[in-house]
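**Q** This is the structure I have questions about; it appears just below.
Residue numbers (this note's numbering): 733 to 892.
Structure representation (structure tokens):
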């Protein structure tokens, strides 16, 4: 029963139209689940749903959907802060961008890159302190590496 409710909750969240827990309770009840607001609240917390502003409204979204929404500016700013704080070097190699980070921060930086939803990023592979960012072409990789390096250099200049 719980797995059916969870499946239906995820389906509701994927529509991007759930603006309140009451909306979710109503939708789950319509799908045949006897739920309370407390159950929905707990389920939202367990799946990592976040309520964000989308235009003039608020909606609940799953973490992997945040970068593909109007809230992507937030994710891009988060990426910029994450790169500023944890990246040590950024360079391109053919269609890859290699990001070197402080030890232990590779997966967190890769996650920030993934969530930013950048068109130039196909995907990431992260190790402890190194990330390979796949891009569609060498031109995309060079442009992305240059942009991230400039941001890093500008931040270092501002610290001086």
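All C-beta atoms, glycine included, are put in the ideal place defined by N, C-alpha and C.
Rank 857, 736, 784 by C-alpha distance to the C-alpha of residue 766 and give the top, closest one.
**A** Closest by alpha carbon: 736.
**Q** Which class does residue 862 belong to by DSSP, given the choice of helix, strand or coil?
**A** If DSSP states are grouped into helix, strand and coil, residue 862 belongs with the strands.
**Q** Could you tell me which residues DSSP pairs with residue 783 in its beta bridges?
**A** Looking at the DSSP assignment, residue 783 forms a beta bridge with 792.
**Q** Using 8 angstroms as the cut-off, can you tell me whether the region 816-827 makes contact with the region 771-782, which would need three or more C-beta pairs spanning the two stretches below that distance?
**A** In short, these stretches do not touch, since the Cβ pair count stays below three.
**Q** For residue 855, is the classification buried or exposed, using 16 other Cβ atoms within 10 angstroms of its Cβ as the cut-off for buried?
**A** That one is exposed.
**Q** Closer than 8 angstroms by C-beta to residue 834: which residues in its own chain qualify, once you throw out the five before and the five after it? Chain order, please.
**A** If we look at residue 834 and ignore the five residues flanking it on each side, its Cβ neighbours are 818, 820, 861.
**Q** Taking the straight line between their C-alpha atoms, what separation do you get for residue 814 and residue 824?
**A** About 19 angstroms.
**Q** Just the C-alpha distance for residue 785 and residue 807, rounded to the nearest angstrom, thanks.
**A** So the two alpha carbons sit approximately 13 angstroms from each other.
**Q** Please report the Cβ distance between residue 846 and residue 867, rounded to the nearest whole angstrom; I am assuming they are in contact, meaning their Cβ atoms lie under 8 angstroms.
**A** Rounded, the Cβ-Cβ distance is 13 angstroms, inconsistent with contact.
**Q** Which first and last residues belong to the alpha helix (DSSP H) in which residue 735 is found?
**A** Unbroken alpha helix (DSSP H) run through residue 735: 734-747.
**Q** Could you pull the start and end residues of the alpha helix (DSSP H) that residue 758 belongs to?
**A** Residues 753-762.
**Q** Measure from the alpha carbon of residue 832 to the alpha carbon of each residue in 850, 857, 848, 849, then state which is nearest.
**A** Closest option to residue 832, Cα to Cα, is 857.
**Q** Is the Cβ-Cβ distance between residue 794 and residue 844 less than 9 angstroms?
**A** Not closer than 9 angstroms, so no.
**Q** According to DSSP, is residue 878 helix, strand or coil?
**A** In the structure shown, residue 878 sits in a helix (DSSP, three-state: H, G or I).
**Q** As a quick exercise: from 758, 774, 744, pick the residue whose alpha carbon is nearest that of residue 791.
**A** Comparing Cα-Cα distances from residue 791 to each of 758, 774, 744, the minimum goes to 744.
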